[in-house]
Amino acid sequence: MGEFVSVEVADQIATIRLDRPKMNALNGQVQLEIAEAARLVDADPQVQAVILYGGARVFAAGADIKEMADMSYADMAPHSRTLQACFTAVAQIGKPVIAAITGYALGGGCELALCADFRVAGESAKLGQPEILLGIIPGAGGTQRLPRLIGPARAKDLIFTGRHVPAAEAREMGLVDRVVPDEQVYTAALEWAATFVGGPAIALRAAKQAVDQGLEVDLDTGLEIERLQFSALFATDDAKIGMRAFAEKSKPKFTGQ
């Protein structure tokens, strides 16, 4: 697809693959290619789950510091808007998204992983937001998605210190969901993604939107988002198929309609 980002689809699972040697540094071109890949898999009705993967060696070690080093405020102001928009495109994929993390997921790499619904990490993986060590702060969602995931105190610890968090600790704090042997990371992500294949795609999209949008608002507004999504699903064939199968004690065969 792109020079550094490709999309491979097999068995209704799409893998968005980063491949910019040696460390998958996320320069401007990679960011745009990630956004294009996200829009592609979101729009493809054959894709029912998505994996973010940087290869067996590293997920993504962060932004391209060489590219940013000489930027002024006038340069970064519009670039940062593009950066956030590219990552938000991943967060807005209306299907289950799993980040398969090997090696490093640092800075922008960690922020990209935060855009997934779930994270599987290898035992030797390290995650973190080391921007503070460069005299800056996370700019692709780290100060916002990270505290929403692990709480403000733990997020401040990682952001204020810039330390690298080993996989086991990341699992304990909720930064990753599963830790597996390094060589099993992609396989584990595939197995997890496969559990969503054949599921009710419209309901999964509605559930994801209800949770994600609800986190941004007060409880009453969140409940209204839920109510509207819940009610709308009764206009789908999948809802009828699912409830009929339940009554008949059979396995539903959802159509995505």
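Counting from 1, position 201 in the sequence shown corresponds to residue 201 in UniProt numbering; the numbering is continuous, with no gaps.
Built from N, CA and C at the ideal position, the CB exists for glycine as well.
Here the structure is a predicted model, which means the values were calculated and not measured.
According to DSSP, what are the bridge partners of residue i?
| i | result |
| --- | --- |
| L175 | DSSP output for L175 lists no bridge partner at all. |
| G139 | Its beta-bridge partners do not exist; DSSP assigns none. |
| Y186 | Answer by DSSP bridge pairing: none, since Y186 is not bridged. |
| V97 | V50 |
| A194 | Paired residues: none, contrary to the question. |
| V180 | G122 |
Return the first residue and the last residue of the alpha helix (DSSP H) that residue i is part of.
| i | result |
| --- | --- |
| L88 | Residue identity check: residue 88 is Thr in the sequence provided, not Leu. Residues Y73 to A91. |
| L32 | G28 to A43 |
| V211 | A201 to G214 |
| G246 | The question names Gly, but residue 246 in the sequence shown is Phe. First-last of the alpha helix (DSSP H) with F246: D237 to E248. |
| M1 | Run containing M1: none; DSSP gives neither H nor E here. |
Would you check if the distance between the CB atom of residue i and the CB atom of residue j is smaller than 9 Å?
| i | j | result |
| --- | --- | --- |
| G108 | L127 | no |
| D19 | I93 | no |
| L112 | F59 | yes |
| residue 320 | E36 | Residue numbering for the chain in the displayed model covers 1 to 257; residue 320 lies beyond these limits and cannot be assessed. |
| V179 | V120 | yes |
| N27 | D64 | yes |
| A232 | A206 | yes |
| residue 268 | I132 | In the structure as shown, the chain begins at 1 and stops at 257. Residue 268 is therefore absent and cannot be evaluated. |
| V90 | L40 | no |
| T102 | A56 | yes |
| A210 | D238 | no |
| V7 | V30 | no |
Using 10 angstroms around the beta-carbon of residue i, count the other beta-carbons present and answer buried if the total reaches 16, otherwise exposed.
| i | result |
| --- | --- |
| K22 | exposed |
| K95 | buried |
| A16 | In the sequence under discussion, the amino acid at residue 16 is Ile, which differs from the Ala named in the question. Burial call: buried. |
| E183 | exposed |
| Y73 | exposed |
| F246 | exposed |
| K156 | exposed |
| P138 | buried |
How far does the beta strand (DSSP E) with residue i in it extend, from its first residue to its last?
| i | result |
| --- | --- |
| G109 | First-last for G109: G108 to L114, but that is the alpha helix (DSSP H), not the beta strand (DSSP E). |
| K126 | K126 to G128 |
| V230 | Checking the displayed sequence, the identity of residue 230 turns out to be Phe instead of Val. Careful: F230 lies outside any beta strand (DSSP E), inside the alpha helix (DSSP H) at L219 to A232. |
| E8 | V5 to A10 |
| A121 | F118 to G122 |
| A14 | I13 to L18 |
Rounded to whole angstroms, what's the CA-CA distance from residue i to residue j? Just pull it up for me.
| i | j | result |
| --- | --- | --- |
| Q213 | E226 | 9 Å |
| A189 | A100 | 6 Å |
| V9 | G242 | 26 Å |
| T187 | P166 | 20 Å |
| E33 | D218 | 34 Å |
| G256 | M173 | 35 Å |
| V47 | I98 | 13 Å |
| C110 | K251 | 38 Å |
| L106 | A193 | 24 Å |
| residue 268 | H164 | Because the chain in this structure spans residues 1 to 257, residue 268 falls outside the shown range and cannot be described. |
| C115 | E216 | 15 Å |
Could you check if residue i belongs to the surroundings of the ligand NAP, using beta carbon to heavy atom distance under 8 Å?
| i | result |
| --- | --- |
| K66 | No copy of the ligand NAP occurs in the structure displayed, which carries no ligand at all. |
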